[in-house]
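Here the structure is laid out as structure tokens; the discussion comes afterwards.
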Amino acid sequence: MFNWIIAAFFYTFIIGWPIGFIYRFRSGVTGTIAMISPMVNGMIVGFGSGTVIGAGMSASVFLSLLTSALTGILAGGLTGLFMNIGAFLNGALSGMMAGLMGAMLVIMLPPSEWNRMIFIFMAACGFLQFVHTLMLQGQIEESVLKRSAWIFRTPLLMFLAVAAFLILYTAGGTSGGSIPDPKHPSHSMMKM
Numbered sequence: 027m028f029n030w031i032i033a034a035f036f037y038t039f040i041i042g043w044p045i046g047f048i049y050r051f052r053s054g055v056t057g058t059i060a061m062i063s064p065m066v067n068g069m070i071v072g073f074g075s076g077t078v079i080g081a082g083m084s085a086s087v088f089l090s091l092l093t094s095a096l097t098g099i100l101a102g103g104l105t106g107l108f109m110n111i112g113a114f115l116n117g118a119l120s121g122m123m124a125g126l127m128g129a130m131l132v133i134m135l136p137p138s139e140w141n142r143m144i145f146i147f148m149a150a151c152g153f154l155q156f157v158h159t160l161m162l163q164g165q166i167e168e169s170v171l172k173r174s175a176w177i178f179r180t181p182l183l184m185f186l187a188v189a190a191f192l193i194l195y196t197a198g199g200t201s202g203g204s205i206p207d208p209k210h211p212s213h214s215m216m217k218m
């Protein structure tokens with residue numbers, strides 16, 4: 027359970043940074059990037075948090091799917107909200123789809139694989155969000171970035187935060203911080 031809390035903080039951080047960046051530089055983020063960014067955030071946070079929510083709420087498949095979809099909608103929609111209605115819809119719908127996929131993937135796996143799967147997707151989503159960070163910073167003029175806060179000026183914060191969360195997650199798994207596997211419900215998909 028401790029690992030899943032770390033994963034929840036991880037996804038909160040990797041959605042908070044781009045939303046803050048886009049809000050701060052919303053006039054400089056235009057065109058294709060304005061449509062890509064909400065989709066990236068919605069997909070990364072929807073899918074990643076969907077794996078955590080799906081594992082944590084596996085006793086109620088409906089509730090885990092609903093919560094994961096709403097989390098993805100919130101993540102993508104908030105990012106697009108600062109740009110235009112098309113970006114909002116793009117982010118919200120991408121996040122909804124990714125949230126559903128993340129939750130369904132984890133629910134179909136045996137509980138013994140949940141921690142490993144969550145870690146793999148934390149690493150993948152962290153890498154993708156780091157690339158997204160580089161893309162966003164590349165859209166803003168260097169002189170404007172130099173006058174902004176340090177957290178927006180360098181991609182080092184995103185890199186260090188992702189690395190720290192991944193190390194914390196693995197340390198939590200080896201110290202016995204996770205709970206025993208809950209009873210995995212029987213699904214009609216598993217009876218093929």
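Here the sequence shown is numbered in this note's numbering, starting from 27 and rising by one per residue.
Backbone N, C-alpha and C define an ideal beta-carbon position, used for all residues, glycine too.
Within 10 angstroms of its Cβ, does residue i collect 16 or more other Cβ (buried), or is it exposed?
{"i": "residue 180", "result": "exposed"}
{"i": "residue 197", "result": "exposed"}
{"i": "residue 153", "result": "exposed"}
{"i": "residue 140", "result": "buried"}
Report the three-state DSSP secondary structure of residue i (helix, strand or coil).
{"i": "residue 54", "result": "coil"}
{"i": "residue 203", "result": "Note that residue 203 scores a pLDDT of 40, beneath 50, so its modelled location is shaky; the value from the coordinates is reported in the next line. If DSSP states are grouped into helix, strand and coil, residue 203 belongs with coil."}
{"i": "residue 108", "result": "coil"}
{"i": "residue 69", "result": "helix"}
{"i": "residue 183", "result": "helix"}
{"i": "residue 123", "result": "helix"}
{"i": "residue 85", "result": "coil"}
{"i": "residue 101", "result": "helix"}
{"i": "residue 218", "result": "Note that residue 218 has pLDDT 46, beneath the 50 cutoff, so the model's placement of it is unreliable and the number below is only indicative. Correct three-state label for residue 218: coil."}
{"i": "residue 34", "result": "helix"}
{"i": "residue 60", "result": "helix"}
{"i": "residue 189", "result": "helix"}
Taking a contact to mean a Cβ-Cβ separation below 8 angstroms, would you say residue i touches residue j in this structure?
{"i": "residue 94", "j": "residue 131", "result": "no"}
{"i": "residue 187", "j": "residue 39", "result": "yes"}
Along the chain, where does the alpha helix (DSSP H) containing residue i start, and where does it finish?
{"i": "residue 142", "result": "140-165"}
{"i": "residue 135", "result": "Per DSSP, residue 135 belongs to no alpha helix (DSSP H) and is neither H nor E."}
{"i": "residue 169", "result": "168-172"}
Worksheet item: Taking three-plus beta-carbon pairs below 8 angstroms as touching, is the segment 56-65 in contact with the segment 108-127?
Response: With the cut-off at 8 angstroms, the segment 56-65 and the segment 108-127 touch.
Discussion item. When you compare the segment 67-87 with the segment 98-115, are there three or more beta-carbon pairs, one atom per stretch, that lie closer than 8 angstroms?
Written reply: Here the segment 67-87 lies against the segment 98-115, with 3 or more beta-carbon pairs under 8 angstroms apart.
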